[in-house]
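Enquirer: There's a structure below that I have some questions on.
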Amino acid sequence: MTIIGALKDACREVHARTRGVAGTARGNRQTGRRGAGGDISRQIDLLAEKTAINVLKKHGIDATIIGEECGRIEGKEGYVIMDAIDGTTNASRQLPFYCCSLAYADEFQLSAVKDAAIINLVNGDLYYASKNKGAFCNGKRIRVREAGDDVVIGMNVSGINDDVIKRLAPVMSKANHVRQLGSLAIELCYLAKGSLDASIDFRGKVRPVDIAAACLIVREAGGQVYSDKGVDLDCELGVETRVSFVATAHEKVFRDLSTDLF
Numbered sequence: 003m004t005i006i007g008a009l010k011d012a013c014r015e016v017h018a019r020t021r022g023v024a025g026t027a028r029g030n031r032q033t034g035r036r037g038a039g040g041d042i043s044r045q046i047d048l049l050a051e052k053t054a055i056n057v058l059k060k061h062g063i064d065a066t067i068i069g070e071e072c073g074r075i076e077g078k079e080g081y082v083i084m085d086a087i088d089g090t091t092n093a094s095r096q097l098p099f100y101c102c103s104l105a106y107a108d109e110f111q112l113s114a115v116k117d118a119a120i121i122n123l124v125n126g127d128l129y130y131a132s133k134n135k136g137a138f139c140n141g142k143r144i145r146v147r148e149a150g151d152d153v154v155i156g157m158n159v160s161g162i163n164d165d166v167i168k169r170l171a172p173v174m175s176k177a178n179h180v181r182q183l184g185s186l187a188i189e190l191c192y193l194a195k196g197s198l199d200a201s202i203d204f205r206g207k208v209r210p211v212d213i214a215a216a217c218l219i220v221r222e223a224g225g226q227v228y229s230d231k232g233v234d235l236d237c238e239l240g241v242e243t244r245v246s247f248v249a250t251a252h253e254k255v256f257r258d259l260s261t262d263l264f
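Per this note's numbering, the sequence shown runs over residues 3 to 264.
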């Protein structure tokens, strides 16, 4: 099986195994320890991650795993960047916006991601991409939205400091539609399929496991992902890495945002 095939299969199995667990007492139970990403792990996080790892092993994927819960598990070739539940708080509160995100890179850099798969764990929609081969949802090619005036922006403002507030304030005051959705990976998939025009997180708290798969999907759908310096986003894939980013559907939105952000 191809790598992208294994990632997709792992996503489907995580969906099947967690479907009746999200929002239940069993799924919400805290484990008493923090995952490698720094958050308190819940049972549903561990179930999803174990499921994904087992499926990848079954398909002979012997890559080093960089995971939200497990940290780093050494392998022989390449890297799998894994957030088995992105949006755990949403899942625990039965807010229908969370996903499983998996990416494969042949080097330890975001720019080296070659394959990506993300499954919406609420409705089963499966987004995936391979480098230079386009982005898809449930087998159909997806593209970012064409340039328009009615812009919808996803923006994470949880725990932002005064400096970030000042930086984002002009954007927030001009934008008619700002959304905070609670899962960056699936939010970026919505950008890739044309539901959002931009996604911004300038808190300096984003981990590569959150967005590694989604960045490839956005770029293969025709969008762009930039750092908070206004250059193409790239970083190491370690669990200790933190970044800020702005993703846009097209150059016009980026130019408009750049006036206020950079």
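Beta carbons are placed, not taken as given, at the ideal position from N, Cα and C, and that holds for glycine.
These figures come from a predicted structure and were not determined experimentally.
For Ile5 and Gly80, I'd like the C-alpha separation in whole angstroms.
Expert: Answer to the nearest angstrom: the Cα atoms are 11 Å apart.
Enquirer: Which of the three DSSP states is assigned to Ile2 in this structure?
Expert: Residue 2 lies beyond the stretch modelled for the chain, which goes from 3 to 264, so this question has no answer here.
Enquirer: Return helix, strand or coil for Leu97, following the three-state DSSP convention.
Expert: It is coil, neither helix nor strand.
Enquirer: Within the continuous alpha helix (DSSP H) that includes Ile46, where are the two ends?
Expert: Taken as a continuous stretch (DSSP letters only), the alpha helix (DSSP H) holding Ile46 covers 45-60.
Enquirer: Buried or exposed: which applies to Asp85, given that a residue is buried once 16 or more other Cβ atoms fall within 10 Å of its Cβ?
Expert: So Asp85 counts as buried.
Enquirer: Please confirm if the region 225-244 is in contact with the region 109-118, defined as three or more CB-CB distances below 8 Å between the two stretches.
Expert: Judged by Cβ distances under 8 Å, the region 225-244 makes contact with the region 109-118, as three or more pairs qualify.
Enquirer: Between Asn178 and Ser160, what straight-line distance do the alpha-carbon atoms span, to the nearest angstrom?
Expert: Roughly 20 Å separates the two Cα atoms.
Enquirer: In or out: Ala171 buried (at least 16 other Cβ within 10 Å) or exposed?
Expert: By the neighbour-count rule (16 or more Cβ atoms within 10 Å), Ala171 is not buried but exposed.
Enquirer: What are the residues that DSSP puts in a beta bridge with Ala200?
Expert: Paired residue(s): Ile155, Thr250.
Enquirer: Per DSSP, which residues does Gln226 bridge with? Please list them.
Expert: DSSP output for Gln226 lists Thr250 as bridge partner(s).
Enquirer: Rounded to the nearest angstrom, what separates Asp199 and Gly224 at their Cα positions?
Expert: The alpha-carbon atoms of Asp199 and Gly224 are separated by roughly 12 Å.
Enquirer: Give the secondary structure of Ile120 by DSSP, where H, G and I count as helix, E and B as strand, and everything else as coil.
Expert: Reduced to three states, the DSSP call for Ile120 is strand.
Enquirer: Under 7 Å Cβ to Cβ from Ile87, same chain only, skipping five residues before and after it: list those, please.
Expert: Within the same chain, Ile87 has close Cβ partners Ile46, Asp47, Ala50, Ala93, Tyr100, Cys102.
Enquirer: Is it true that the region 118-133 meets the region 199-211, where meeting means three or more beta-carbon pairs spaced less than 8 Å apart?
Expert: Short answer: they don't touch.
Enquirer: Would the beta-carbon of Val245 fall within 8 Å of that of Ser260?
Expert: In this structure, Ser260 does not lie closer than 8 Å to Val245 by Cβ.
Enquirer: Hey, would you say Val241 sits closer than 8 Å to Arg74, going by beta carbons?
Expert: A contact, by the Cβ cut-off of 8 Å.
Enquirer: Look at Ile188 and Ile120 and say whether their C-beta atoms are less than 8 Å apart.
Expert: Closer than 8 Å, so yes.
Enquirer: Between the alpha carbons of Ala65 and Ala137, how many angstroms are there, rounded?
Expert: The alpha-carbon atoms of Ala65 and Ala137 are separated by roughly 23 Å.
Enquirer: Three-state secondary structure (DSSP) at Lys176?
Expert: Three-state DSSP puts Lys176 in a helix.
Enquirer: Since Ala215 and Leu186 should fall inside the 8 Å C-beta cutoff, what is the C-beta to C-beta distance between them, to a whole number of angstroms?
Expert: Going by Cβ atoms, the distance from Ala215 to Leu186 rounds to 11 Å, so no, they are not a contact pair.
Enquirer: Using a 10 Å radius around the Cβ and a threshold of 16 neighbouring Cβ atoms, would you call Val233 buried or exposed?
Expert: The residue in question, Val233, is exposed, as its Cβ has fewer than 16 Cβ neighbours within 10 Å.
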